[in-house]
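To start, the structure itself, in structure tokens.
There are 2 protein chains.
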Amino acid sequence: MSPRPRTRIQQKNSEAILDAALDVFSRHGFRGATLDQIATTAGLSKPNLLYYFPSKKAIHVALLSALMDNWLQPLRDLDPEAADPVAELLGYVRRKLEMSRDMPRESRLFANEILQGAPRMGPALESELAGLVADKARVIEGWAAEGRIAPVHPKHLIFSIWALTQHYADFDSQVRAVLGPGEPDPYPEAAVYLDTLFTRLLAR
Amino acid sequence: MSPRPRTRIQQKNSEAILDAALDVFSRHGFRGATLDQIATTAGLSKPNLLYYFPSKKAIHVALLSALMDNWLQPLRDLDPEAADPVAELLGYVRRKLEMSRDMPRESRLFANEILQGAPRMGPALESELAGLVADKARVIEGWAAEGRIAPVHPKHLIFSIWALTQHYADFDSQVRAVLGPGEPDPYPEAAVYLDTLFTRLLAR
DNA sequence: GTCTATAAAATGATAGAC
DNA sequence: GTCTATCATTTTATAGAC
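Structure follows, in structure tokens:
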């Protein structure tokens with residue numbers, strides 16, 4: 001839905017718009033975001049912004065679909081042939097936590113969309129996401145059946161990994177308020193805690 | 205900020221407005237919500253709605269502050285003198301999951317506010333919430349020091365309980381999309397899963 | 001208390017000059 | 001490609017009749 005960037009300046013402006021839109025949509029959701037805010041953040045006028053994208057909705061869709069692939073890559077990479085299934089799952093947790101740390105706006109963009117009932121991503125969730133999770137749930141179930149990890153509900157295990165890692169991005173302001181100003185970066189401690197949690201849950 | 209309800213009809217309308225506002229704010233966040241939507245949902249005209257509350261902001265503040273108390277009650281109730289600390293913490297998890305099941309709109313209202321950086325609740329988080337968590341974290345630390353629960357970072361333990369239980373309310377549409385139409389109610393399975401998870405994490 | 005009418009500002013989007 | 005000017009709607013809020 002966005003014009004394919006051809007010149008260098010188009011490339012640069014398209015990226016600036018998408019970056020600004022990520023800022024605004026991730027904080028305020030689709031309806032709470034305004035083109036004015038996005039244009040100002042991107043350093044462009046509103047009509048110029050609408051020269052690159054035909055509508056507010058088009059920007060939102062461009063962001064969501066560009067993100068979906070990257071967001072699910074760590075789960076796709078979960079290796080059914082892994083020598084150590086517990087370590088493989090701990091690695092997945094670590095990668096997801098790193099994504100929360102390094103891409104908090106992307107996490108909040110998704111969170112906003114899901115909170116609102118997934119009006120735009122609904123179909124993608126029911127097909128692509130549900131299919132991938134079903135696939136990996138079978139892998140996890142196999143590991144449990146072979147006694148290589150402790151028995152556990154595979155889909156709820158995946159939910160718990162998402163919930164725990166994304167919490168540090170989505171609820172960042174609450175986490176920092178609770179930890180107080182003495183502890184500026186919660187991620188190192190979170191990494192240790194989550195490693196402990198999933199080790200105790202999964203190790204035989 | 206809301207007029208104290210005196211007559212029966214004022215009582216009824218105030219409640220209808222707050223209930224409708226909870227619907228709309230919890231889905232769309234503060235800026236994404238409109239008075240039109242709230243008024244229509246409440247079955248009132250827009251000017252009539254503004255007879256009861258002076259502004260959109262006043263409705264939002266009324267909801268948030270009325271909710272804060274109820275929301276934290278289970279954590280306040282965590283008993284330092286409990287005979288069985290693991291069971292006490294599992295009971296807290298169960299109560300929080302029941303709140304997600306029975307009050308999903310309230311959970312999403314908070315989630316939206318935190319996602320947006322807690323513009324209205326920020327001070328309450330830094331004082332009331334941070335104080336309560338610090339208090340209960342000392343209790344949990346004491347239990348661990350006495351060897352009555354496994355050693356664990358107390359504040360991240362609390363974060364993980366919030367993240368895991370609220371996930372089922374806040375990300376309901378994703379959970380249902382992933383589980384598919386065959387499993388209409390995820391809560392019974394979630395209760396079993398979370399009980400297992402925290403037992404393995406905390407039991408000695 | 002509730003309504004119609006309306007003001008005042010904001011917001012998404014377009015026209016057209018340069 | 002980018003801008004100023006502007007339009008059409010939506011949105012928050014008020015005025016004033018009943």
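Those protein sequence lines, which keep their order, are chains A and B.
Per this note's numbering, the first sequence starts with residue 1, numbered consecutively.
Per this note's numbering, the second sequence starts with residue 205, numbered consecutively.
Quick reminder that beta carbons are idealized off the backbone N, C-alpha and C, glycines included.
- Beyond the five residues adjoining it in sequence on each side, alanine 328 of chain B comes within less than 7 Å, by CB distance, of Met272 in the same chain, given in chain order.
- Of all C-beta pairs linking the segment 186-200 of chain A to the segment 347-366 of chain B, three or more are shorter than 8 Å, placing the two stretches in contact.
- For isoleucine 353 of chain B, no alpha helix (DSSP H) segment is defined, and its DSSP state is neither H nor E.
- Boundaries of the alpha helix (DSSP H) harbouring alanine 270 of chain B: 260-280, taken from the DSSP string.
- Look at the beta carbons and you see the segment 161-176 of chain A touching the segment 366-381 of chain B: at least three pairs across the two are nearer than 8 Å.
- Taken through DSSP and simplified to helix, strand or coil, phenylalanine 110 of chain A comes out as helix.
- Taking 8 Å as the upper bound on Cβ-Cβ separation, chain B lies near no residue of the segment 56-86 of chain A.
- Going by C-alpha positions, arginine 95 of chain A is about 29 Å away from alanine 338 of chain B.
- For alanine 190 of chain A, the closest C-alpha among the options B:Val356, B:His264, B:Met307 is that of B:Val356.
- Within chain B, no residue has its beta carbon less than 9 Å from that of asparagine 48 of chain A; the closest one is some 24 Å off.
- DSSP places serine 173 of chain A in the uninterrupted alpha helix (DSSP H) bounded by 172-179.
- The segment 242-258 of chain B makes no contact with the segment 308-316 of chain B: fewer than 3 CB pairs, one atom from each, lie closer than 8 Å.
- In this structure, the alpha-carbon of glutamine 215 of chain B lies about 13 Å from that of alanine 246 of chain B.
- The Cβ atoms of methionine 303 of chain B and proline 323 of chain B do not sit closer than 9 Å to each other.
- Taking 7 Å as the cut-off between beta carbons, the residues of the segment 167-180 of chain A near chain B are His167, Asp170, Phe171, Ser173, Gln174, Val175, Ala177, Val178, Leu179, Gly180, in sequence order.
- By the criterion of a C-beta distance shorter than 7 Å, glutamine 37 of chain A is surrounded in its chain by Val24, once the five residues flanking it on both sides are discounted.
- In this structure isoleucine 140 of chain A is buried. Its beta-carbon is surrounded by 16 or more other beta-carbon atoms within 10 angstroms.
- For methionine 99 of chain A, the secondary structure class from DSSP, reduced to helix, strand or coil, is helix.
- One thing to note: leucine 78 of chain A has its Cβ within 9 Å of the Cβ of leucine 89 of chain A.
- Restricting attention to A:Trp71, A:Gly122, A:Tyr51, the CA atom closest to the CA of leucine 97 of chain A is found in A:Trp71.
- One Cα belongs to alanine 381 of chain B, the other to aspartate 389 of chain B, and the distance between them is close to 12 Å.
- The beta carbon of alanine 150 of chain A sits closer than 9 Å to some beta carbon of chain B.
- Using a CB distance cut-off of 9 Å, valine 396 of chain B counts as an interface residue toward chain A.
- Straight-line measurement puts the Cα of phenylalanine 30 of chain A at about 7 Å from the Cα of histidine 60 of chain A.
- Going by DSSP, threonine 245 of chain B is part of the alpha helix (DSSP H) stretching over 239-246.
- The distance from the Cβ of arginine 408 of chain B to that of isoleucine 353 of chain B is about 7 Å, consistent with a contact at the 8 Å cut-off.
- Using a CB distance cut-off of 9 Å, leucine 197 of chain A counts as an interface residue toward chain B.
- Contact annotation for isoleucine 114 of chain A against chain B: Phe375, Ser377, Gln378 [CB-CB distance below 7 Å, chain order].
- About 6 Å separates the beta carbons of leucine 63 of chain A and alanine 21 of chain A, which is inside the 8 Å limit, making them a contact pair.
- Excluding sequence positions up to five before and after aspartate 172 of chain A, its CB lies within less than 7 Å of the CB of Pro104, all in the same chain and listed in chain order.
- Taking a Cβ-Cβ cut-off of 9 Å, the neighbours of arginine 31 of chain A in chain B comprise His232, Gly233, Arg235, Gly236, Ala237, Thr238, given in sequence order.
- Under a criterion of Cβ atoms nearer than 7 Å, the residues of chain A adjacent to glutamate 330 of chain B are, in order, Ala177.
- Nearest to glutamine 378 of chain B by alpha-carbon distance, out of A:Pro80, A:Ala144, A:Met121, is A:Met121.
- When CB distances to chain B are screened at a threshold of 9 Å, not a single residue of the segment 14-25 of chain A falls below it.
- Considering only B:Leu222, B:Arg231, B:Gly386, B:Ser230, the residue with the shortest C-alpha distance to serine 259 of chain B is B:Leu222.
- Separation of proline 289 of chain B and glycine 131 of chain A (C-alpha to C-alpha, rounded to the nearest whole angstrom) is 40 Å.
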